[in-house]
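Add 9 to the 1-based position in the sequence shown for our numbering, that's all there is to it.
Glycine included, every Cβ here is placed at the ideal spot set by N, Cα and C.
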Amino acid sequence: MKQKYRTLIVEDDPLIVAQLEGFLAQTNLFEKPYIAETCTQAMISLHHQPVDLLFLDMELPDMSGLDFLRSFPGHGPTIVISAFPSYAVDCYDCDINDFLSKPLTYTRFLRGLRRTLLHSFIPAPVLSAVAEASFSPAPGTKPLDPKQVAPLPDHIYLKTGRTNSRFALADILYFEAYTIYSKLVTGSGTVVVNDRLSSLEVELVQNQFMRVHKSYLINLNHITKFNIHTIWLKNHAIPIGRTFRKQVQDHLNTFLGGRAGLDVKD
């Protein structure tokens, strides 16, 4: 890795700022972050110094973080931090990468960072560096106990109607957008779940799921064949959206060790 990445923390609580600064230092991937206590300061800072990653609180002195997201659509990769989980759905609709609930923990922070790296500006080789950073903190920081790093789950609980149901991730072929809900498709059938596709994408990107179309989120482990226009999961043909083709190409080349052979010019 030839450079470290720039971050802006928009937060008026000095204790949270100090905690995030420590988390970022421990990954050894980022420069010392810029700090803004208000959305106005953040906009000025971003105008003069673009950053690679934004950490945004929801409760700020001059306006809410949600208003900031809506008024500044070019905010770039963003992780929201808030003590109020009720903001999460509206934030995901503003194309954030993850939502961290206060109080913050390093383990959850690292999971959110990995999700963001997978779908943002940072090249795929850095993903391995993030994993290594979990156990190789920067000089002067306290090493993280490997036992604190939670393994990736093999299942997910999703609400179907009024019931929370457990689904094994390995059984899921793909999700399809279905108005304000999503269809969950397995080899044995289809279930409608209450989550939007954008929320599922953020939750599942670290588990080999990938958005390939505005209406489809697929499980990469079930791909049987593909070309530049279509991916097949068993006998299900999933279209690749034009705006997703470059991302799909890069990800499949990484996933298959450079053997995907896709050409986005086709």
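Exercise. Excluding five sequence neighbours on each side, which residues of the same chain lie with their C-beta closer than 7 Å to the C-beta of L33?
Worked result: In the sequence shown, residue 33 corresponds to position 24, counting from 1. Correct list, in chain order: T16, F39 and P42.
Exercise. Which whole-angstrom value describes the C-beta separation of L69 and V19, a residue pair presumed to lie in contact below a C-beta threshold of 8 Å?
Worked result: Position 60 of the sequence shown holds residue 69. Position 10 of the sequence shown holds residue 19. That belief holds up - the Cβ atoms of L69 and V19 are roughly 7 Å apart, short of 8 Å.
Problem set entry | Distance between H57 and S208 (C-alpha atoms, nearest Å) | Looking up residue 208 in the sequence shown gives position 199. Looking up residue 57 in the sequence shown gives position 48. Distance between the alpha carbons of S208 and H57 is about 32 Å.
For this session: Could you tell me whether the stretch 183-201 touches the stretch 88-103, using the rule of 3 or more Cβ pairs below 8 Å?
Result: no
Exercise. How many Å lie between R117 and L109 at the Cα?
Worked result: Taking the first residue of the sequence shown as position 1, residue 117 is located at position 108. Taking the first residue of the sequence shown as position 1, residue 109 is located at position 100. In this model, R117 and L109 are separated by some 7 Å (Cα to Cα).
For this session: Taking the CB atoms as reference points, tell me whether V211 and G250 lie closer together than 8 Å.
Result: As a position in the sequence shown, residue 211 is number 202, starting the count at 1. As a position in the sequence shown, residue 250 is number 241, starting the count at 1. No, Cβ-Cβ distance for V211 and G250 is not below 8 Å.
Problem set entry | Euclidean distance between Cα positions of L206 and A186 | As a first step, residue 206 must be located in the sequence shown, where it is residue number 197. As a first step, residue 186 must be located in the sequence shown, where it is residue number 177. If you draw a straight line from the Cα of L206 to the Cα of A186, it comes to about 6 Å.
Exercise. Taking the beta strand (DSSP E) that M219 falls in, what are its first and last residues?
Worked result: Looking up residue 219 in the sequence shown gives position 210. Counting along the chain, the beta strand (DSSP E) containing M219 begins and ends at F218 to H222.
Exercise. Quick check: the stretch 72-79 against the stretch 171-190, are there 3 or more CB pairs under 8 Å?
Worked result: no
For this session: State the DSSP-derived secondary structure class of F253, mapped to helix, strand or coil.
Result: Against the sequence shown, residue 253 aligns to sequence position 244. In the structure shown, F253 sits in a helix (DSSP, three-state: H, G or I).
For this session: Whole angstroms is fine: what's the gap from K13's alpha carbon to T36's?
Result: In the sequence shown, residue 13 corresponds to position 4, counting from 1. In the sequence shown, residue 36 corresponds to position 27, counting from 1. Rounded to whole angstroms, K13 to T36 spans 11 Å at the Cα level.
Exercise. Going by other Cβ atoms of all chains shown within 10 Å of its Cβ, with 16 needed for buried, is D278 buried or exposed?
Worked result: The question about residue 278 has no answer, for the chain in this structure spans 10 to 275.
Exercise. How far does the beta strand (DSSP E) with E185 in it reach, from first residue to last?
Worked result: To locate residue 185, count along the sequence shown from 1; it is residue 176. Looking at the DSSP string, the run of the beta strand (DSSP E) that includes E185 is I181 to Y187.
Problem set entry | DSSP beta-bridge partners of V200 | Residue mapping note: residue 200 aligns to position 191 of the sequence shown, counting from 1. L193.
Problem set entry | Continuous beta strand (DSSP E) stretch holding D107: start and end | Position 98 of the sequence shown, counted from the first residue, corresponds to residue 107. Looking at the DSSP string, the run of the beta strand (DSSP E) that includes D107 is D107 to S110.
Problem set entry | Cβ neighbours of N230 in the same chain (closer than 8 Å, five flanking residues each side left out) | In the sequence shown, counting from the first residue as 1, residue 230 sits at position 221. Closer than 8 Å at Cβ, skipping near neighbours: A179 and Q217.
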